[in-house]
Amino acid sequence: MRKRHIIVISSTYYNQSKSIQNDTVVVLFNSHKRWYLEKPLICVSRNETHVEKSLAHVQFAYDPISICSWTAFVAHCPTVKSPNSFELSTAQYFASSTELPLRLPYQRKVDVVACYSPLFYNERWQLIVNTLEVYRQYGVGVQAFYVQSMLHEIMDLLKVYQKKGYAEIEFWPMLSLGQHFEDEMGFSPNEQLDWRNQASAHSDCLLKYKDAAKFIIISDIDDVLFPRIGETYIEEFMKLSSDYPNAAGFTYNRYNAEVTTTLNPQEFSLSNLIDSSEIHHEWEDGKSVYNPERVFTAWIHWPGLTHSPGYKMHLVPSHENIMVHMRKWKMYFDVFDLRIQDIISRHKTKQLQREFNRTFAQTEEFKRLPTKVRYYPLIAECYQKIFYDKRKHPDSCPGPINCFLPPMPNVKCSVAKTDFVFNKVHDGLFMHYPHQSRFVTHLDGCNMLS
1 MRKRHIIVIS STYYNQSKSI QNDTVVVLFN SHKRWYLEKP LICVSRNETH VEKSLAHVQF
61 AYDPISICSW TAFVAHCPTV KSPNSFELST AQYFASSTEL PLRLPYQRKV DVVACYSPLF
121 YNERWQLIVN TLEVYRQYGV GVQAFYVQSM LHEIMDLLKV YQKKGYAEIE FWPMLSLGQH
181 FEDEMGFSPN EQLDWRNQAS AHSDCLLKYK DAAKFIIISD IDDVLFPRIG ETYIEEFMKL
241 SSDYPNAAGF TYNRYNAEVT TTLNPQEFSL SNLIDSSEIH HEWEDGKSVY NPERVFTAWI
301 HWPGLTHSPG YKMHLVPSHE NIMVHMRKWK MYFDVFDLRI QDIISRHKTK QLQREFNRTF
361 AQTEEFKRLP TKVRYYPLIA ECYQKIFYDK RKHPDSCPGP INCFLPPMPN VKCSVAKTDF
421 VFNKVHDGLF MHYPHQSRFV THLDGCNMLS
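If you read the sequence shown in this note's numbering, its first letter stands for residue 1, the second for the next number, and so on.
Here it is in structure tokens:
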């Protein structure tokens, strides 16, 4: 019998939800994309007085990437009210069950949440500070950072924002089946999930915050949306929602920008970073803002699943607004008729600077940020080789795990680690789930696997 492995990312219980049936658990998991079980998955939930068994409705979280053999799934499970335990099993004779830890969705109500792609080997604090401040000051209530690894000093600063309620730090460790199973399969699942399993992170974030936010931004940390249709994000998104009442969300065209900034935090200027940005006439796939009542799962550029086929994404015309991709590109220098001052005025950037100076620029954590760049050129060179040189059609499942990044002596890095526990459901199915997560400090730089 062929062995199947399921790695559970999260199991979220919805007591009362605007978009998901009450008393439902949604399980987000990774597995081989050729999903087939001889018998269906069974959900078992219990409270003090009742036990309920139900069939799990399993779907792809998004269209699988053709060149990768693993992908993300979601399973809908009707449950008893307020379950104190939740298990997955199958209808297979003699199958055992696996109890999964439940979480509740985020409770604090905010207008806008930003969910970022997982950060790895992260050292570009200038982009993090820029995005944190722009989004904070224009009305993003919570910014969710999924972290695989980042320099220790940047983590310290991020924790300052977390303590103030502006940021949430989510563990995003490398997945592990254990050496025995990975030797048996001949590969690690990390090698067969595209771009550090980012779509699972996007969907996990959407599932966690969907009942708390009116709108959710899904983007990379170097994608910045400046409100232009409204004075704040909520004004802009509400205006677009009024104009397009059936929209699942809004996709913004994205253009690359070259930014100039300093390596030294003592000399850093938020307003200068923004004002110096040169937008190039180089279009990139757009990024999106979702109405979480209408979108169930997310991918980096558009929804995976919507709650109704009648909900469609609306493309915001470039003359109304764009997303600025603050990444330094030197391949094209075409003159573009859109300047950063058309997106945000110098008066507003000065206001951003004053507020930053008043708050987080004064912290010791900000003053201790690193002044050297080590990883970024190596990662950019690797991505160019495995993805862009191939015209975005890679010949193997793409991601940073394919990049060789050497140890960096005397560089402190916070790396997400999780202990995965597995249970044998039957001879052909093994379920793995996270048991304990933490950040480990490495003294020789960041890494993906050790």
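The beta-carbon is built from N, C-alpha and C at its ideal position, and this holds for glycine as well.
{"Asked": "Let me make sure I understand the geometry here. Which of L100, L55, S82, L41 has the alpha-carbon closest to that of H435?", "Found": "L100"}
{"Asked": "Comparing C-alpha positions only, which one of S31, V259, D342 sits nearest to S200?", "Found": "S31"}
{"Asked": "Hey, could you find the ends of the alpha helix (DSSP H) A75 is sitting in?", "Found": "No alpha helix (DSSP H) contains A75, which is instead part of the beta strand (DSSP E) from 70–78."}
{"Asked": "Which term fits E123, buried or exposed, when burial requires 16 or more other beta carbons within 10 angstroms of its beta carbon?", "Found": "buried"}
{"Asked": "Under the three-state reduction of DSSP, which class applies to I343: helix, strand or coil?", "Found": "helix"}
{"Asked": "Based on DSSP bridge pairs, tell me the residues matched to T251.", "Found": "S288, L315"}
{"Asked": "Distance cutoff 8 Å, beta carbons only. Does Y36 sit that close to anything in chain D?", "Found": "Any reference to chain D falls outside this structure, which holds one protein chain only."}
{"Asked": "So, for M323: in the same chain, excluding its five sequence neighbours on each side, which residues have a beta-carbon less than 8 Å away from its beta-carbon?", "Found": "S219, D223, V224, L225, Y252, N253, R254, Y255, G286, K287"}
{"Asked": "On a Cα-Cα basis, can you pick out the residue from H202, H280, E235 that is closest to S305?", "Found": "A quick correction: the sequence has Leu, not Ser, at residue 305. The residue with the shortest Cα to Cα distance from L305 is H202."}
{"Asked": "Which residues in the same chain as K330 place their Cβ atom closer than 6 Å to its Cβ, once the five residues preceding and following it in sequence are excluded?", "Found": "Below a pLDDT of 50, predicted positions are generally treated as unreliable, and K330, at 35, falls in that range; no measurement from the model is reported."}
{"Asked": "For D444 and S149, I'd like the C-alpha separation in whole angstroms.", "Found": "12 Å"}
{"Asked": "Over the uninterrupted beta strand (DSSP E) stretch that includes Q143, give me the two end residues.", "Found": "142–147"}
{"Asked": "With distances taken from CA atoms, which of S66, F420, H76 is nearest H393?", "Found": "S66"}
{"Asked": "Measuring straight from C-alpha to C-alpha, what distance separates L193 and G399?", "Found": "8 Å"}
{"Asked": "With distances taken Cα to Cα, identify the nearest neighbour of P407 among Q384, Y375, A416.", "Found": "Y375"}
{"Asked": "Which residues bound the alpha helix (DSSP H) around L127?", "Found": "125–137"}
{"Asked": "Taking buried to mean at least 16 other C-beta atoms within 10 Å of its own C-beta, is K208 buried or exposed?", "Found": "buried"}
{"Asked": "What distance in whole Å lies between the Cβ atoms of E355 and D156, which are believed to be in contact at a cut-off of 8 Å?", "Found": "Wrong, their Cβ atoms sit about 21 Å apart, outside the cutoff."}
{"Asked": "Using the C-alpha atoms, what's the distance from K367 back to A361?", "Found": "8 Å"}
{"Asked": "Between F268 and T260, is the Cβ-Cβ spacing less than 8 Å?", "Found": "no"}
{"Asked": "Three-state secondary structure (DSSP) at W195?", "Found": "helix"}
{"Asked": "Between G428 and R34, is the Cβ-Cβ spacing less than 8 Å?", "Found": "no"}
{"Asked": "Do you know offhand how far S45's Cα is from Y146's?", "Found": "29 Å"}
{"Asked": "With distances taken from CA atoms, which of N47, S97, N190 is nearest S69?", "Found": "N190"}
{"Asked": "Run the CB neighbour count on D334, radius 10 Å, all protein chains shown included, and call it buried at 16 or more, exposed below.", "Found": "Model confidence at D334 stands at a pLDDT of 47, short of 50, so the residue's coordinates are unreliable and nothing is read from them."}
{"Asked": "Straight-line CA distance for P292 to L352?", "Found": "28 Å"}
{"Asked": "What runs of the alpha helix (DSSP H), each 4 residues or longer, lie entirely inside the stretch 193–274?", "Found": "198–209, 233–243"}
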